[in-house]
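Read the structure below first, then the notes.
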Amino acid sequence: MSLTIKELCVDLQKTRILKNINLEIRTGEFVSLLGASGCGKTTLLKSIAGLLETQEGDIRIDDTSITNLAPEKRGTVIVFQDLRLFPHMTVEQNISFSMDLKKIPKKDKQAQVGELLKAVQLEGFEKRKIREMSGGQRQRVALARALAADPKILLLDEPFSSLDENLRCEMADLVRKLHHEMGLTVVMVTHDKEEAMKVSDRIALMKAGEVLQYDKPERMFYHPESRVVADYMGQTNYIFGKVENGRFVSRAVSFETQKAEGEYELMVRPSAITLTVDETERMYQIEEVMFEGETAEILLKYADGKLTVWMLHRDWMKLGVKTGELVGIKIDERQGILFQK
């Protein structure tokens with residue numbers, strides 16, 4: 118099922134929290150609402166679920182408006198950050214809760230619970246009490262319970278935030294797998310950009326109740342539409358320069374451009390910079406080198422400021438240079454974005 122949000126506005130305590138939100142989510146698409154705390158992403162998720170009243174705009178599943186429908190009639194299911202499982206009940210009782218409301222026969226219900234537990238990799242846990250389970254296992258039960266309701270749209274509110282890094286990765290892989298296998302349309306709230314880029318078909322980056330950019334993860338990272346988006350999506354370098362006579366000119370790099378004349382900052386990711394040991398280009402002093410497993414992060418100092426470079430550690434070792442020495446750089450301008458000052 119597709120989800121369309123048009124000109125959506127939401128007020129809480131007489132304050133406008135969401136401001137003219139427009140999103141189109143295709144059938145079977147996984148979309149993440151990304152942003153810092155207080156940006157409005159959970160408010161948007163709750164509005165889709167019908168848990169908050171909207172002041173303006175429309176929400177549609179396929180061609181049907183659900184804006185004025187009660188939550189239970191929308192066909193959406195939301196998994197909250199705190200999961201809201203019933204701790205005194207068994208796994209089977211938690212998962213079959215929505216089935217009981219639909220009066221599904223016991224035999225069919227048990228079969229469906231078994232299939233869902235297999236899907237979330239918890240086979241044989243039917244009789245286990247929730248309070249006896251680990252955090253990761255509870256996450257899986259909450260996911261299975263949501264799927265038991267056969268939602269048109271699955272809504273996830275920071276579902277992995279309470280887990281450690283390994284479990285977060287494991288659960289993200291599971292959700293992505295289920296999304297593919299079941300053809301689910303999923304909207305997930307997260308503040309973790311790595312998590313969003315890993316699982317999402319598209320990302321909506323939000324700030325102060327507005328969507329700053331809505332695009333594929335790779336475009337959000339390499340082709341941000343503003344400095345705010347660029348900085349949120351990953352580490353950046355900014356190189357000051359000017360566009361004159363159809364060229365961007367700076368101390369570090371020069372190239373042709375269609376941009377209007379004026380002062381600009383070239384945004385480049387650390388991975389778009391390569392170190393060289395050409396004697397004629399050594400203008401950058403190595404200030405610090407940080408070992409990060411297979412990669413190294415190198416901090417350079419030069420006349421206009423500082424630059425961060427990422428490279429494979431083995432390539433760094435091949436250069437044969439050390440902290441305090443001078444190196445040259447090459448910048449892949451195709452990976453750069455010019456922002457006017």
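The sequence shown: position 27 = 144 (the numbering used here), numbered continuously.
Virtual Cβ for every residue (Gly too), placed ideally from N, Cα, C.
Endpoints, alpha helix (DSSP H) assigned at residue i
i	result
T121	Here T121 belongs to no alpha helix (DSSP H); instead the beta strand (DSSP E) covers L120 to L129.
N461	In the structure as shown, the chain starts at 118 and stops at 458, and residue 461 therefore has no counterpart that could be examined.
E335	P334 to Y339
Reduced DSSP category for residue i - H, G, I as helix; E, B as strand; rest coil
i	result
I183	coil
L374	Checking the sequence shown, residue 374 turns out to be Thr, not Leu. In this structure, T374 counts as coil in the three-state DSSP scheme.
T159	helix
S154	coil
I178	strand
L512	Residue 512 is absent from the structure shown; the chain starts at 118 and stops at 458.
L264	helix
E64	The structure shown has nothing for residue 64, since the chain only spans 118 to 458.
Q172	coil
T257	Note that residue 257 is Arg in the sequence shown, not Thr. Helix, per DSSP.
E141	strand
K220	coil
Unbroken beta strand (DSSP E) run spanning residue i, endpoints
i	result
K359	N354 to E361
K324	R319 to K324
G379	G379 to V385
K226	Careful: K226 lies outside any beta strand (DSSP E), inside the alpha helix (DSSP H) at K223 to A236.
R364	R364 to V366
Sequence-distant residues of its chain with Cβ nearer than 7 Å to residue i (five each side left out)
i	result
L429	E411 and T412
T353	A347, M384 and R386
F357	S367, E382 and D421
T307	S149, L151, E275 and A313
S343	L329
Y349	K310 and L322
Neighbourhood of residue i by C-beta distance below 8 Å, restricted to the same chain and skipping five residues each side
i	result
A265	I212, S213, F214, S215, M216, Q229, V230 and L233
P103	Look at the range of the chain in this structure, 118 to 458, and you will see that residue 103 is not part of it.
Same chain, Cβ closer than 6 Å to residue i, neighbours up to 5 away in sequence not counted
i	result
I390	V426, I446 and I448
R177	T121
S182	D175
(request) Could you tell me whether the region 189-203 touches the region 258-272, using the rule of 3 or more Cβ pairs below 8 Å? (result) yes
(message) Restricting to runs no shorter than 3 residues, where is the beta strand (DSSP E) found entirely within the region 387-456?
(response) 390-393, 401-409, 412-419, 422-429 and 443-448
(request) Tell me, please, whether the region 286-296 touches the region 124-144 by the rule of three or more beta-carbon pairs shorter than 8 Å. (result) These segments do not touch.
(request) Any chance you could list the alpha helix (DSSP H) runs of at least 4 consecutive residues sitting entirely within the region 280-317, in chain order? (result) 282-299 and 310-316
(message) Does the contact criterion of 3 or more C-beta pairs under 8 Å hold for the region 149-156 versus the region 275-286?
(response) no
(request) Mind the definition here: the region 435-453 touches the region 362-373 only if three or more C-beta pairs lie below 8 Å; say whether that holds. (result) yes
(message) Count Cβ pairs between the region 166-180 and the region 250-266 that sit closer than 8 Å; are there 3 or more?
(response) no
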